[in-house]
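For the sequence shown, our numbering assigns the number 839 to the last residue and increments by one with no breaks.
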Amino acid sequence: MCNKCKGNFYITTPIYYPSAKLHIGHSYCTVATDAMARFKRLQGYNVMFLTGTDEHGQKIEDKAKEAGVTPKQYVDNIVEGPGGVLDLWKLMNISNDRFIRTTDDYHVEAIQKIFKKMYDNGDIYKGTYKGKYCKPCESFWTESQLIDGKCPDCGREVQDAEEEAYFFRLSKYADRVRDLLENTDYLEPRSRVNEMVNNFIKPGLEDLCVSRTSFTWGVPVDFDPGHVVYVWIDALFNYMTALGFENQAHNDLAEFWPADVHFVGKEIVRFHSIIWPAMLMSLDLPLPKKVFGHGWLNFNGEKMSKSRGNVVDPYVLAEHFGVDALRFFLLRTFPFGSDGNFTNEMLISTINVDLANDLGNLVSRTIAMAQKYFGEHLPAEQLSNPEMDDELVNLVATLRDRYEEQMEHFAFQNALAEIFKVISRANKYIDENAPWALAKDEANKPRLAKVLYNLLESIRVCAGLLLPFMPATSEEIMKRLGNPASDWDSLIGFGLLNPEVAAVAGPALFPRIDMEKELAVLEELSAQAKEPEEDPLPEPLPEITFDAFEKVEMTVVKVLACEAVKKSKKLLKFTLNDGSKEPRQILSGIAEFYKPEELVGKTLVAVTNLAPRKMMGQISSGMLLSAERGEKLNLIMLDDSVPAGSRLV
Ligand code: ME8
Numbered sequence: 191m192c193n194k195c196k197g198n199f200y201i202t203t204p205i206y207y208p209s210a211k212l213h214i215g216h217s218y219c220t221v222a223t224d225a226m227a228r229f230k231r232l233q234g235y236n237v238m239f240l241t242g243t244d245e246h247g248q249k250i251e252d253k254a255k256e257a258g259v260t261p262k263q264y265v266d267n268i269v270e271g272p273g274g275v276l277d278l279w280k281l282m283n284i285s286n287d288r289f290i291r292t293t294d295d296y297h298v299e300a301i302q303k304i305f306k307k308m309y310d311n312g313d314i315y316k317g318t319y320k321g322k323y324c325k326p327c328e329s330f331w332t333e334s335q336l337i338d339g340k341c342p343d344c345g346r347e348v349q350d351a352e353e354e355a356y357f358f359r360l361s362k363y364a365d366r367v368r369d370l371l372e373n374t375d376y377l378e379p380r381s382r383v384n385e386m387v388n389n390f391i392k393p394g395l396e397d398l399c400v401s402r403t404s405f406t407w408g409v410p411v412d413f414d415p416g417h418v419v420y421v422w423i424d425a426l427f428n429y430m431t432a433l434g435f436e437n438q439a440h441n442d443l444a445e446f447w448p449a450d451v452h453f454v455g456k457e458i459v460r461f462h463s464i465i466w467p468a469m470l471m472s473l474d475l476p477l478p479k480k481v482f483g484h485g486w487l488n489f490n491g492e493k494m495s496k497s498r499g500n501v502v503d504p505y506v507l508a509e510h511f512g513v514d515a516l517r518f519f520l521l522r523t524f525p526f527g528s529d530g531n532f533t534n535e536m537l538i539s540t541i542n543v544d545l546a547n548d549l550g551n552l553v554s555r556t557i558a559m560a561q562k563y564f565g566e567h568l569p570a571e572q573l574s575n576p577e578m579d580d581e582l583v584n585l586v587a588t589l590r591d592r593y594e595e596q597m598e599h600f601a602f603q604n605a606l607a608e609i610f611k612v613i614s615r616a617n618k619y620i621d622e623n624a625p626w627a628l629a630k631d632e633a634n635k636p637r638l639a640k641v642l643y644n645l646l647e648s649i650r651v652c653a654g655l656l657l658p659f660m661p662a663t664s665e666e667i668m669k670r671l672g673n674p675a676s677d678w679d680s681l682i683g684f685g686l687l688n689p690e691v692a693a694v695a696g697p698a699l700f701p702r703i704d705m706e707k708e709l710a711v712l713e714e715l716s717a718q719a720k721e722p723e724e725d726p727l728p729e730p731l732p733e734i735t736f737d738a739f740e741k742v743e744m745t746v747v748k749v750l751a752c753e754a755v756k757k758s759k760k761l762l763k764f765t766l767n768d769g770s771k772e773p774r775q776i777l778s779g780i781a782e783f784y785k786p787e788e789l790v791g792k793t794l795v796a797v798t799n800l801a802p803r804k805m806m807g808q809i810s811s812g813m814l815l816s817a818e819r820g821e822k823l824n825l826i827m828l829d830d831s832v833p834a835g836s837r838l839v
């Protein structure tokens with residue numbers, strides 16, 4: 191640790207599973223972690239901020255096979271390729287100190303040693319795995335853990351699985367883990383403790399299957415070829431291998447372990463609050479000080495996913511609205527511990543109200559007035575008026591304490607609310623003091639100078655505290671104020687700014703967005719981004735004999751006339767030439783797919799030996815053949831050269 195530092199602070203994000211490009215929901219946790227890491231640096235801590243990618247497992251192996259590349263090529267592209275994870279974090283201004291890939295050699299070797307250690311101490315043993323496996327989640331479940339027979343995490347189908355496997359004695363640590371959860375602040379928010387204890391510990395913790403033999407893309411168990419280490423063991427230990435645990439690649443364990451906090455999404459709290467501490471207990475290692483389970487972001491009330499065509503692509507959003515605005519929106523709008531609903535309207539209105547109106551206007555109005563009334567810099571002669579000034583001055587002077595209190599509890603939304611209370615108060619202070627009126631009389635100049643100074647000093651403190659959220663904006667505002675002090679010590683109290691401050695104007699920090707226009711653009715992008723979802727294949731029918739098939743008479747027919755059936759939205763009435771002398775009448779429920787006039791003259795296929803039946807009071811003698819999948823329907827149409835009455839065989 192450096193002499194001047196307040197202490198060490200180690201913070202992590204979940205390492206991302208690169209099975210698909212990241213969406214804005216994924217960025218949420220990393221942006222929050224970045225804000226926390228920057229806050230701690232601002233306070234004067236020596237920070238280690240780790241993020242990375244979790245690259246093993248069957249899902250990756252399957253995806254690579256589908257794409258016709260090796261698993262390593264597949265993950266390399268998503269992690270390091272253009273528009274990949276590393277590019278995204280660069281774009282989002284993520285200030286991680288380290289990036290781990292679980293395919294890094296040092297990590298793989300360390301995981302092998304860790305697995306062997308737990309095998310040697312008796313906490314990993316060999317047995318047979320019988321149970322259920324959720325492939326997308328890479329999770330094993332017992333029958334009793336399933337919800338309605340499906341994966342309790344994602345609700346998808348699970349498969350039967352049976353194989354020789356290694357097990358970790360999770361059951362042995364049940365009491366110690368329960369004590370950790372119930373009697374310490376290890377897991378937050380507190381509501382997640384009850385969820386873990388009631389859903390997983392009380393029903394009885396079973397030993398955990400920690401190796402697989404049905405695929406190969408994982409860390410091999412070096413003393414038993416054919417087995418690969420369960421992906422969650424591999425993944426969880428990244429938090430320590432990245433610091434040098436069981437490897438020589440790094441050497442920061444003594445400085446940074448145990449971690450101060452792991453930020454994780456709510457669905458992986460179970461892994462971090464039950465399995466992770468149990469494994470650390472098994473190896474007699476210090477436990478992380480805290481796990482914080484944040485909520486999920488939905489989009490327009492639905493789960494985020496690329497296939498839904500939501501504009502949740504962080505690249506698109508950042509290009510349209512700017513990185514800082516996006517970072518700000520994520521942390522200003524949603525309480526970190528709860529779920530939130532992302533909408534484009536909310537994003538635009540937050541930018542317009544908080545950033546364009548409140549912050550942006552405060553900065554541009556104040557600097558414009560300072561330049562207009564005083565030119566290069568404010569004069570040293572300034573006149574206070576406690577009655578007018580004290581409320582704003584006190585609010586600014588004590589802002590850092592209120593902000594810090596919220597930040598220490600990861601309450602980003604509340605910390606920002608404190609800053610924006612000051613920004614609103616400062617805007618009101620402009621109206622109360624009406625600098626434009628003061629400027630009319632030369633005698634008021636010292637008072638006018640003080641009013642503008644108070645505003646510029648308020649802006650400096652707010653911009654300094656906004657740094658963890660909007661690093662580029664904070665820097666830009668400081669630049670306009672002539673780069674005054676903005677370290678932690680300078681952000682408490684009032685009056686540190688040089689009275690003769692030389693403020694420089696610049697373009698609008700956040701231009702106002704035309705809501706209607708921008709929503710239309712996003713709508714268009716959303717439609718383009720939509721990856722069509724395949725309709726599921728229909729259920730197969732039971733087998734029939736050839737005899738049964740031969741009994742179906744399929745005849746080529748020509749449409750002589752076609753009209754809608756009155757009072758029916760679905761039915762069309764066809765008059766058909768089936769090759770016989772008499773025209774045949776068939777009613778078909780396809781009105782939503784075809785206009786009657788476009789079918790006249792077409793050559794179709796009908797089942798002609800179906801018993802006639804009455805529909806809407808009219809006789810239908812047979813059925814027209816069509817192809818159906820999902821919502822789509824196409825009549826079977828033949829080349830018009832095929833004569834009516836031909837039989838399909
Ligand atoms: O879980 N809103 O990786 P992952 C908020 N590899 N957070 C979301 C989200 C949303 N809509 N969608 C995803 C893994 N996340 C493991 C972690 S750590 C040892 C291993 C969050 O790529 C999710 O909650 O599936 C998780 O915290 C993170 O993105 C990574 O998810």
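Glycine is no exception: its CB is placed at the ideal position from the N, C-alpha and C atoms.
Close CB contacts of arginine 555 within its chain, under the 7 Å cut and outside five residues either way in sequence, are with Ile620 (chain order). Note that the segment 403-410 does not touch the segment 368-384; fewer than 3 beta-carbon pairs, one per stretch, sit closer than 8 Å. Remark: the shortest separation between the CB of aspartate 244 and any heavy atom of ligand 1 falls under 7 Å. Of the candidates Ser381, Ser209 and Val348, Val348 places its Cα closest to the Cα of lysine 322. Within 10 angstroms of the beta-carbon of lysine 756 lie fewer than 16 other beta-carbons, which makes it exposed. If the five residues before and after asparagine 286 are omitted, its C-beta is found closer than 6 Å to the C-beta atoms of Phe239 and Thr241, all from its own chain and listed in chain order.
With a beta-carbon spacing of about 17 Å, valine 409 and valine 269 fall beyond the 8 Å limit used to define contacts. In the assembly as shown, leucine 573 is an exposed residue. Its beta-carbon has fewer than 16 other beta-carbons within 10 Å. Taken atom to atom, the span from the alpha-carbon of serine 329 to that of serine 648 is near 52 Å. The shortest CA-to-CA distance from serine 810 to any of Gly820, Gly491, Gln775 and Asp829 is the one to Gln775.
Proline 208 counts as buried, since no fewer than 16 other beta carbons sit within 10 angstroms of its beta carbon.
Between ligand 1 and the CB of histidine 216, the shortest heavy atom gap is smaller than 7 Å.
Within the chosen limit of 7 Å, ligand 1 reaches the beta carbon of isoleucine 205 through at least one heavy atom. When C-alpha distances from lysine 362 are compared across Tyr315, Leu687, Met597 and Arg228, the shortest belongs to Tyr315. Beta bridge pairing from DSSP links methionine 805 with Gln808. Excluding residues up to 5 positions away in sequence, Ile391 and Leu395 lie with their Cβ nearer than 7 Å to the Cβ of alanine 364 in the same chain. Counting along the chain, the unbroken alpha helix (DSSP H) around phenylalanine 519 starts and ends at 513-523. Taking C-beta separations shorter than 8 Å and ignoring five residues to either side along the sequence, the partners of leucine 521 in its chain run Val221, Ala222, Ala225, Phe602, Gln603, Leu606 and Phe659, following chain order. Cβ contact annotation for cysteine 399 (same chain, cutoff 7 Å, sequence separation greater than five): Tyr319, Phe330, Ala355, Phe357 and Tyr420, in chain order. For isoleucine 314, the enclosing beta strand (DSSP E) has its first and last residue at 314-324.
For leucine 240, DSSP records a beta bridge to Thr202 and Arg288.
The shortest CA-to-CA distance from serine 528 to any of Glu457, Leu585, Asp412 and Leu761 is the one to Glu457. Using a cutoff of 7 Å, the CB of asparagine 534 does not count as near ligand 1, since none of the ligand's heavy atoms is closer than that.
Three or more beta-carbon pairs drawn from the segment 479-492 and the segment 446-461 are found closer than 8 Å, and the two stretches are therefore classed as touching. Ranked by how close their Cα comes to the Cα of arginine 670, the residues Pro661, Leu686 and Arg650 have Arg650 in first place. For phenylalanine 461, there is no enclosing alpha helix (DSSP H), since its DSSP letter is neither H nor E. Here the C-alpha atom of alanine 560 lies approximately 21 Å from the C-alpha atom of leucine 545. Contact between the segment 745-762 and the segment 778-789 is present: three or more C-beta pairs spanning the two stretches fall below 8 Å.
Closest by C-alpha distance to lysine 635, out of Phe524, Gly215 and Phe564, is Phe564. Shortest Cα-Cα distance from arginine 228 to any of Leu278, Lys640 and Glu594 involves Glu594.
Here serine 836 is actually not in contact with isoleucine 780; their C-beta atoms are around 22 Å apart, not less than 8 Å.
Phenylalanine 453 is positioned such that its CB atom lies closer than 8 Å to that of threonine 203. Separation of tyrosine 296 and alanine 698 (C-alpha to C-alpha, rounded to the nearest whole angstrom) is 48 Å. For ligand 1, a non-hydrogen atom lies closer than 7 Å to the CB of glycine 455.
A distance of 8 Å or more separates the beta carbons of phenylalanine 684 and valine 612.
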